[in-house]
Amino acid sequence: MRLKEIIRLLDAVVITNSRDSEAEIEWACATDLMSDVLYYSRGNSVLITGLAKQQAIRTSDIADIKVVVFTRGKEPDTQTIELSRKKKITLLITPYSMFTACGKLYEKGLRCCPE
Amino acid sequence: MKIDKTYEGSFHIVGGDFSHAGEASTELKTILLSAGVEDEFVRRVAIATFEAEMNIMIYATAGILRYTISPEEIRIIAEDMGPGIENIELAMQEGYSTAPDWVREMGWGAGMGLPNMKKNADTFRIDSVVGEGTKVEMIIRR
Amino acid sequence: MKLKEITEILSLRPLTPAVGLEREVSGAYVGDLLSDVMANAGEGNLWITLQTHVNIVAVAVFKNLSAIVIVNGRMPDSDTMDKAVSEDIPILLTGKSAFETAGKLYQILNAQNLQG
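Protein chains in written order, with this note's numbering: chain L, 1 to 115; chain G, 116 to 257; chain A, 258 to 373.
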């Protein structure tokens with residue numbers, strides 16, 4: 001799924017972005033637990049999380065995740081935004097809950113990282 | 116920089132210092148990427164190291180993370196001064212954790228740390244003495 | 258929609274057969290941070306999570322949730338199971354991810370709303 005489609009479906013606000021909105025994102029992963037991101041995710045995926053903290057960005061960088069979505073309109077602090085800019089991670093905020101965000105992306109064909 | 120010999124280095128990690136969580140593994144990742152090694156190998160090393168780093172941060176007073184990079188593999192030794200692990204077999208089970216609630220609220224401590232290290236390492240060894248500390252040794256091959 | 262129907266459609270495995278599934282599901286919430294679920298899950302919601310810790314039952318009781326679905330094939334220990342039975346909270350298991358479980362359930366609940 002293209003990044004711009006993810007942004008549109010989630011009615012997301014773009015906080016940081018250094019990639020083309022035509023970029024193709026292959027997989028999705030939805031969790032608040034960082035070890036699970038590391039365990040189940042693949043590179044080039046989108047992480048949907050309620051953990052609007054630096055940890056989510058740091059973990060995504062380690063796991064080569066390119067796009068992070070914070071749910072329920074949670075605004076991250078400036079350190080979190082700075083880190084995502086530095087790590088070239090696209091950071092989005094969606095007003096939707098994790099459930100709704102997953103539903104909207106799944107409905108349009110995005111799938112979770114295969115094991 | 117090409118890997119044509121052996122490189123060694125280490126990071127000191129202070130327990131409870133969440134603001135610096137992940138910096139050691141990020142630095143190691145940067146070193147490996149600049150050496151031009153394959154992305155998938157770097158990802159495995161970064162994940163395994165990150166988990167080791169987080170375990171020290173969550174459970175121990177302090178610890179040290181040592182690495183040796185050679186052309187074929189990387190060896191990582193994470194050693195801490197911590198409470199030690201009473202039952203290693205149990206600790207290796209996915210989902211088993213003794214982490215306190217505040218750690219869980221930070222998105223950690225869900226019992227996937229050690230399984231994650233084992234998953235990404237080709238060789239994984241853990242030794243622990245209750246009241247003294249824990250030592251994890253991992254070898255990841257290219 | 259009844260929990261029993263959802264259980265069948267999503268092929269969820271009841272871990273606590275003693276707890277009945279004849280209850281209404283008002284919607285769903287996905288989350289692994291207990292404080293977040295405490296603050297934001299709605300009454301009657303089905304809770305999709307990776308957490309297996311015994312405290313999940315207390316959260317479900319407090320928020321009056323309809324059930325807990327534990328994803329990724331994770332298995333809670335006997336403490337969690339016992340507490341769930343004694344508190345009358347059904348726990349259901351699936352080998353699928355939270356993303357997929359939520360994705361499918363979203364479609365099911367939406368279709369139901371359109372019909373209803």
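Don't be surprised by glycine CBs; every beta carbon is placed ideally from N, CA and C.
Among the options, which has the Cα closest to the Cα of residue i?
i	options	result
G/Tyr-182	G/Ile-146, G/Gly-246, G/Ile-241, G/Met-169	G/Ile-146
G/Ala-236	G/Ala-139, G/Ile-118, G/Val-160	G/Val-160
A/Ala-275	A/Gly-360, A/Ala-341, A/Ile-325	A/Ala-341
G/Tyr-211	A/Thr-351, A/Leu-362, A/Thr-337, A/Leu-349	A/Thr-337
L/Cys-112	L/Asp-20, L/Glu-24, L/Val-14, L/Cys-29	L/Cys-29
L/Ala-63	G/Glu-209, G/Lys-144, G/Ile-203, G/Val-129	G/Lys-144
G/Lys-120	G/Thr-249, G/Gly-228, G/Pro-186, G/Lys-234	G/Pro-186
G/Ser-140	G/Gly-131, G/Arg-158, G/Asn-202, G/Thr-176	G/Arg-158
L/Met-1	L/Asp-11, L/Asn-44, L/Met-34	L/Asn-44
A/Leu-303	A/Ala-296, A/Leu-349, A/Ser-323	A/Ser-323
L/Arg-85	L/Ile-25, L/Ile-7, L/Val-68	L/Val-68
L/Gln-55	G/Ala-193, G/Trp-223, G/Ile-171	G/Trp-223
What whole-angstrom Cβ distance do residue i and residue j have, given they're in contact under 8 Å?
i	j	result
G/Glu-166	G/Arg-256	About 18 Å separates the two Cβ atoms, so there is no contact after all.
A/Pro-333	A/Leu-260	Wrong, their Cβ atoms sit about 18 Å apart, outside the cutoff.
G/Phe-133	G/Met-253	About 23 Å separates the two Cβ atoms, so there is no contact after all.
L/Phe-99	A/Ala-285	5 Å
G/Ile-118	G/Ile-184	6 Å
A/Arg-270	A/Leu-362	15 Å between Cβ atoms; not a contact.
Quick check: what's the CA-CA separation for residue i versus residue j?
i	j	result
L/Tyr-106	A/Gly-360	5 Å
L/Ala-61	L/Ile-48	With the sequence shown as reference, residue 61 of chain L is identified as Asp, and Ala is not the correct amino acid for it. Approximately 14 Å, taken between the alpha carbons.
A/Ala-368	A/Val-311	34 Å
A/Thr-351	L/Lys-88	35 Å
G/Gln-208	A/Leu-371	43 Å
L/Val-13	L/Leu-92	6 Å
G/Ile-128	L/Leu-83	20 Å
G/Glu-247	G/Gly-137	24 Å
L/Tyr-39	L/Pro-114	11 Å
A/Asn-329	A/Leu-307	7 Å
G/Val-244	G/Ile-203	10 Å
A/Gly-288	A/Asn-321	16 Å
G/Glu-123	G/Leu-180	11 Å
L/Val-46	L/Glu-26	8 Å
A/Met-258	A/Gln-364	13 Å
Helix, strand or coil for residue i, going by three-state DSSP, please let me know.
i	result
A/Leu-351	The identity of residue 351 of chain A in the sequence shown is Thr, whereas the question assumes Leu. Residue state, collapsed to three classes: coil.
L/Cys-113	coil
A/Arg-286	What sits at residue 286 of chain A in the sequence shown is Tyr, not Arg. In this structure, A/Tyr-286 counts as strand in the three-state DSSP scheme.
G/Ile-118	coil
L/Lys-87	coil
A/Ser-323	coil
A/Thr-264	helix
A/Asn-302	strand
G/Met-196	strand
G/Lys-250	strand
A/Gly-330	coil
A/Val-311	coil
Which runs of the beta strand (DSSP E), 3 residues or longer, sit entirely within the segment 8 to 70 of chain L?
-> 13 to 16, 27 to 30, 45 to 49, 67 to 70
Only counting runs of 4 or more residues, tell me where the alpha helix (DSSP H) segments fall wholly within the segment 203 to 235 of chain G, in order along the chain.
-> 203 to 206, 216 to 220, 228 to 235
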